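Residue numbers (the numbering used here), protein chains in the order written: chain A, 1 to 126; chain B, 1001 to 1279.
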């Protein structure tokens, strides 16, 4: 039973499962994100985002999503959450602020929801 | 002979490390989290292992999308804290135990667990936050560590059943090591949390408490949980709980709960923690 399930990325409502299909689509985007682990690359990226992005194999939609810091779009285009979090870290933004934007909530509303015990499982059925 | 003396489970939330590193551990949001680990800290002072086999996952720190090992064992002499995008955590270098790591590697591969051997590995919050929770902020970590990295960020991760069996094989490997060593296995990650999609912020306290209960009362049930059930119930990142099953498998058929702690939230995550002994 366990290990025999084949999931697609959108099988579970409100959830992205990072499948091989997304990995193929997002390889260049995720490689770019990984490059931000080096301080000198963070400096170069911040100095000229477009020029830095042009050195990596991203398509235009992926580059636009990065420049707009549209995390939901990045994930849709194959970004893996733990890779795009390097971009947030480069901006000095928290993981929680990214999660809030993915949930479509303000950072304050999201933080308040978490302090109150998080999003309840029943919300999935809606 | 080496022997497995205990298992510890804990979440490994990055914000916990940041709170400690930035001197915010006494703030109202964080104080209850750190207090939840005081028992284990005191217990570890009297029950210190020589080596910890620390089961964790890399979060795009050492492994890019170029290589994604399902199971990887750190065989290096030492492991540096990774720069995860805001500079490395100010924590000590993690010292490995090469003879035991290589013995485990040989034993596991001969038992058909095809581990990836890693001789250079930077370790991220997944490994260093549990060390900080258990040992605070020492000059040097008081134990040797064998990192065991499990892929949980690229679908499909290994099954919970496979993780449990890996834990059983680790126990056999440890018990066949001739040196007299006390070894603990730590399973990290979880509990319920989700960072992706509109359901980000998902927390399922009933599932988490049930999982904690079943670690001692019904581990067989935990082995049967599939990926879909993990993701639906515990959230897309809650699937990290498969790493707790490596720890549980290593403790043998019966285990005794010595201590537990459960707290919501630390940032986006339900914090769960348990100390167990083979019974």
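All residues carry an ideal CB built from backbone N, CA and C; glycine is no exception.
Since the structure is predicted, the reported quantities are computational estimates derived from the model, not experimental observations.
For residue 1072 of chain B, which option in B/1146, B/1261, B/1155 and B/1237 has the closest C-alpha, if you only look at C-alpha atoms?
Measuring from the Cα of residue 1072 of chain B, the nearest candidate turns out to be B/1146.
List the residues of chain B that residue 74 of chain A touches, going by C-beta distances under 8 Å, in chain order.
Ordered by position in chain B, no residue passes the 8 Å Cβ test against residue 74 of chain A, which lies about 11 Å from the chain.
Excluding five sequence neighbours on each side, which residues of the same chain lie with their C-beta closer than 7 Å to the C-beta of residue 1116 of chain B?
Contacts found: 1069, 1071 and 1072.
Note the first and the last residue of the continuous alpha helix (DSSP H) segment covering residue 1207 of chain B.
Note, residue 1207 of chain B: alpha helix (DSSP H), 1205–1217.
How far does the beta strand (DSSP E) with residue 1079 of chain B in it reach, from first residue to last?
Residue 1079 of chain B -> beta strand (DSSP E) spans 1078–1081.
State whether the segment 1110–1125 of chain B contacts the segment 1188–1195 of chain B, with contact taken as three or more CB pairs (one from each stretch) at a distance under 8 Å.
Because the criterion of three Cβ pairs below 8 Å is not met, the segment 1110–1125 of chain B and the segment 1188–1195 of chain B do not touch.
Can you pull the chain A neighbours of residue 1065 of chain B, defined as C-beta to C-beta under 9 Å?
Going along chain A in sequence order, the residues near residue 1065 of chain B (Cβ under 9 Å) are 23, 26, 27, 30, 31, 34, 80 and 83.
Here's a check: name, in chain order, each residue in its chain whose Cβ is nearer than 6 Å to the Cβ of residue 1244 of chain B, leaving out the five neighbours to either side.
Cβ neighbours of residue 1244 of chain B beyond the five flanking positions: 1009 and 1187.
Find out if the Cβ-Cβ distance for the pair residue 1234 of chain B, residue 1218 of chain B is shorter than 9 Å.
Not in contact: residue 1234 of chain B and residue 1218 of chain B (Cβ atoms no closer than 9 Å).
DSSP has residue 1147 of chain B in a bridge; who is on the other side?
Paired residues: B/1054.
Is the segment 1165–1177 of chain B in contact with the segment 1189–1204 of chain B, if contact means three or more CB pairs nearer than 8 Å?
Touching, no, given that fewer than three Cβ pairs across the two stretches are closer than 8 Å.
Take every Cβ of the segment 81–89 of chain A, pair it with every Cβ of the segment 18–33 of chain A, and state whether three or more of those distances are shorter than 8 Å.
Yes, the segment 81–89 of chain A is in contact with the segment 18–33 of chain A.
So is residue 67 of chain A buried or exposed if we call it buried at 16+ other beta carbons inside 10 Å?
So residue 67 of chain A ends up on the exposed side.
Under the three-state reduction of DSSP, which class applies to residue 1256 of chain B: helix, strand or coil?
Looking at residue 1256 of chain B - three-state DSSP - the assignment turns out to be strand.
Enumerated in chain order, which unbroken segments of the alpha helix (DSSP H) with a length of 4 residues or greater are wholly contained in the segment 4–77 of chain A?
Complete alpha helix (DSSP H) runs here, min 4: 20–35, 39–47, 49–54, 60–68 and 71–76.
With a threshold of 9 Å between beta carbons, is residue 66 of chain A in contact with chain B?
Judged by the 9 Å Cβ criterion, residue 66 of chain A is not in contact with chain B.
Please classify residue 1073 of chain B: does DSSP put it in a helix, a strand, or coil?
Here residue 1073 of chain B sits in strand by DSSP.
I'd like the span of the alpha helix (DSSP H) that includes residue 85 of chain A, first residue to last.
Where residue 85 of chain A is concerned, the enclosing alpha helix (DSSP H) stretches over 81–90.
With 9 Å set as the bound, which would you pick, yes or no: does the beta-carbon of residue 53 of chain A sit closer than that to a beta-carbon of chain B?
Output row for residue 53 of chain A: interface = no.
Measuring only between beta-carbons, confirm whether residue 1203 of chain B sits less than 9 Å from chain A.
Answer yes: the Cβ-Cβ gap between residue 1203 of chain B and chain A drops below 9 Å somewhere.
Tell me the rounded alpha-carbon separation between residue 1278 of chain B and residue 1080 of chain B.
Residue 1278 of chain B and residue 1080 of chain B: Cα-Cα distance of roughly 31 Å.
If you draw a straight line from the alpha carbon of residue 1258 of chain B to that of residue 1022 of chain B, how long is it in whole angstroms?
Each residue's alpha carbon lies about 31 Å from the other.
Are there 16 or more other CB atoms within 10 angstroms of the CB of residue 1240 of chain B, so buried, or fewer, so exposed?
Looking at its Cβ environment, which holds 16 or more other Cβ atoms inside 10 Å, residue 1240 of chain B is buried.
In this structure, does DSSP put residue 120 of chain A in helix, strand or coil?
Here residue 120 of chain A sits in coil by DSSP.
Have a look at residue 1171 of chain B and residue 1005 of chain B and give me their C-alpha separation to the nearest angstrom.
If you take the alpha carbons of residue 1171 of chain B and residue 1005 of chain B, they lie about 10 Å apart.
Nearest to residue 1263 of chain B by CA position, among B/1232, B/1036 and B/1231, is which residue?
Ranking the options by Cα distance to residue 1263 of chain B, first place goes to B/1036.
Chain A beta carbons: is any one of them nearer than 9 Å to that of residue 1244 of chain B?
No - not a single Cβ of chain A is within 9 Å of the one on residue 1244 of chain B.
Using the DSSP secondary-structure output, state which residues sit across from residue 1266 of chain B in a beta bridge.
In the DSSP output, where bridge partners are listed per residue, residue 1266 of chain B has B/1269.
Does chain A have any CB closer than 9 Å to the CB of residue 1083 of chain B?
It does; some Cβ of chain A falls within 9 Å.
In this structure, does DSSP put residue 1276 of chain B in helix, strand or coil?
Reduced to three states, the DSSP call for residue 1276 of chain B is strand.
Taking DSSP's pairing of strands, which residues face residue 1006 of chain B in a bridge?
Partner(s): B/1184.
According to DSSP, what are the bridge partners of residue 1117 of chain B?
Note: residue 1117 of chain B sits in a beta bridge opposite B/1073.
Which residues, taken in chain order from the segment 1215–1233 of chain B, show a beta carbon closer than 9 Å to some beta carbon of chain A?
Answer set for the segment 1215–1233 of chain B: 1223, 1224, 1225, 1226, 1227, 1228, 1229, 1231, 1232 and 1233.
Check each candidate in B/1247, B/1267 and B/1274 and name the one with the smallest Cα separation from residue 110 of chain A.
Selected option, being the one with the closest Cα: B/1267.
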